[in-house]
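In this text, residue positions in the sequence shown follow the working numbering: the first is 815, and each later residue adds one.
All C-beta atoms in this analysis are idealised placements derived from N, C-alpha and C, irrespective of residue type, glycine included.
Note that the coordinates shown come from a computational prediction; the quantities given were computed from them, not determined experimentally.
What follows is one structure encoded as structure tokens, with my remarks underneath.
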Amino acid sequence: MKLRKVSAAAATALVLALTATACGGDDSTDSGSDSTSTSGGGDKIKVGIKYDQPGLGLKEPDGSFAGFDVDVATYVAKELGYEPDQIEFVETKSADRENALARGDVKFIAATYSINDERAKKVDFAGPYLLAHQDLLVKADSDITKGTDLNGKKLCSVTGSTSAQNVKDSIAPDAQLRENSGYSECLAGLQSGAVDALTTDDSILAGYAAQEQYKGKFKLAGLKLSNENYGIGVKKGDTATVDKINAALEKMVSDGSWETAVKENFGPADYKNEQAPKIGDIVK
Ligand code: GLU
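Structure (structure tokens):
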């Protein structure tokens, strides 16, 4: 398959240029929910991704999409019978994912979507296909070195993310947590000094830290504050699709495409990813 490269410059331009973007489900709900055919034909498949995460899910200024999640989604769609030009990517922000699947806006979601018990009550997951860890992005001269240092500090994360929940539950319940709908807003806050730290998965933070305009200004704290097992979300009860996606993910690892996608997408940010997880193997 053809993999798409993330250019650091393009990523930079895009994150800065991000404005209000449409939520999933712009028009009909049929393409997302009915596309179970393995022949593809003239159908389209709607797939949920992130638009503002360089290295994972990014909408480029020219309207194309790039990142590890995009490559995983493209590979999986192919195995379901859809060529790349039959994929319609839809933005699924962290807090929208369960609803987007329940409404049938998208057939599946590959959007740094951690598998957990709460979410598994509402959606089904294939995977996992990547293991990441919660970490902090801070200014280069910050003295924040551990999770508890965040108590009393201004911290930014995203509504509906496991990262925000983990902070409230255990990491730093006394942090002044600001929740935004996307990560770009948090980055702006970190740059202006409005917040002291941004927390989410290290995979995502590495992509931001590597952006041209932030080089030397921000650093990752290097803390493994949680295990984030990325799964592919599908509508609750759609076990046929879960099975097909699991087979696709296994094939992606065994034919080397997973490793290629890792190198292409995480290489530029020098993100040291964990090895490919086994399907069904959730690290708690
Ligand atoms: N992986 C975490 C989650 O699913 C954080 C990243 C995100 O917001 O997508 O919530």
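For a minimum of 3 consecutive residues, which ranges assigned as the beta strand (DSSP E) are wholly contained in the segment 911-979?
937-946, 948-953, 968-972
Give me whichever residues DSSP pairs with F879 in a beta bridge.
K873
When DSSP labels each residue in this structure, what does S847 get in the three-state scheme?
Unreliable positioning characterises S847 in this predicted model, as indicated by a pLDDT of 43, which lies under 50. A coordinate reading is not provided.
Taking 7 Å as the cut-off, does the CB of E932 come closer than this to any heavy atom belonging to ligand 1?
no
Return the CA-CA distance between D957 and G941, expressed in angstroms with no decimal places.
37 Å
Taking all protein chains shown into account, decide if S998 is buried (16 or more other Cβ within 10 angstroms of its Cβ) or exposed.
buried
Could you tell me whether any non-hydrogen atom of ligand 1 is closer than 7 Å to the CB of S781?
With the chain running from 815 to 1098 in the structure shown, residue 781 is simply not present.
Does the beta-carbon of S984, which I'm using as the reference point, lie nearer than 7 Å to any heavy atom of ligand 1?
no
Could you check the C-alpha separation between R933 and T1014 for me, to the nearest Å?
17 Å
Could you name the residues that DSSP lists as bridge partners for E993?
S971
Could you spell out the range, first to last residue, of the beta strand (DSSP E) harbouring N1043?
1042-1049
Tell me whether T976 counts as near ligand 1, meaning its Cβ is closer than 7 Å to at least one heavy atom of that ligand.
yes
Measuring alpha carbon to alpha carbon, tell me which residue in G877, S984, I901 is nearest T888.
I901
So, are the CB atoms of D1010 and K982 less than 8 Å apart?
no
For Q1027, which of Q1005, Q948, D955 has the nearest alpha-carbon?
Q1005
Tell whether a beta-carbon distance below 8 Å holds between A1035 and G869.
no
Kindly examine ligand 1 and report whether one of its heavy atoms sits closer than 7 Å to the Cβ of D1015.
yes
Does the beta carbon of Y927 come closer than 8 Å to any beta carbon on chain B?
In the structure shown, chain B cannot be found, because there is only a single protein chain.
S849 versus S977 - alpha carbon distance
No answer about S849 holds up, because its pLDDT of 42 lies below 50 and its placement is not dependable.
DSSP state of T1055 mapped onto helix, strand, coil:
helix
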